[in-house]
Amino acid sequence: MHYAGFIIEEKAIPTCVFHEDSYEQVGTSVAYSINNTRTGLTYGLKHSLESAKKAIDKNGARWLSELPSHQMDQEAPVVA
Numbered sequence: 000m001h002y003a004g005f006i007i008e009e010k011a012i013p014t015c016v017f018h019e020d021s022y023e024q025v026g027t028s029v030a031y032s033i034n035n036t037r038t039g040l041t042y043g044l045k046h047s048l049e050s051a052k053k054a055i056d057k058n059g060a061r062w063l064s065e066l067p068s069h070q071m072d073q074e075a076p077v078v079a
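Numbering that gives the first Met the number 0 puts the first residue of the sequence shown at 0, with every later residue one more than the last.
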């Protein structure tokens, strides 16, 4: 989904438990990745869509202003 100049993507994240000396995957959880629409740069993962939107509302203007101007003219890479 597009939100305020960013893309929020739902990601499946493995849920693991630790057993003595190794991890065992016991399921998956959902996380939301906040990505720049132009560069594809990921700014973070959040536990809910609402949390991702709040992070963009709070930090989005700063994140965009910190990009070098040459990156603002690039299109995001296509991920299959």
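Even for Gly, the Cβ is constructed at its ideal location relative to N, Cα and C.
Small disclaimer: the values here were computed from a predicted structure and weren't measured.
What does the alpha-carbon distance come out to for the pair residue i and residue j?
i, j, result
"S32", "L40", "10 Å"
"E19", "A60", "44 Å"
"S50", "Y2", "12 Å"
"C15", "G4", "33 Å"
"L63", "K52", "15 Å"
"G43", "F17", "24 Å"
"M24", "A11", "For the sequence presented, residue 24 should be read as Gln rather than Met. Whole-angstrom Cα-Cα distance: 13 Å."
Is residue i near residue j, with beta carbons less than 8 Å apart?
i, j, result
"T36", "L66", "no"
"N34", "I6", "yes"
"V29", "E8", "no"
Within 7 Å: the Cβ of residue i and any heavy atom of the ligand SAH?
i, result
"F17", "Of ligands this structure carries none, so the ligand SAH is not represented either."
Only counting runs of 3 or more residues, tell me where the beta strand (DSSP E) segments fall wholly within the stretch 6 to 69, in order along the chain. 21 to 35 and 41 to 45
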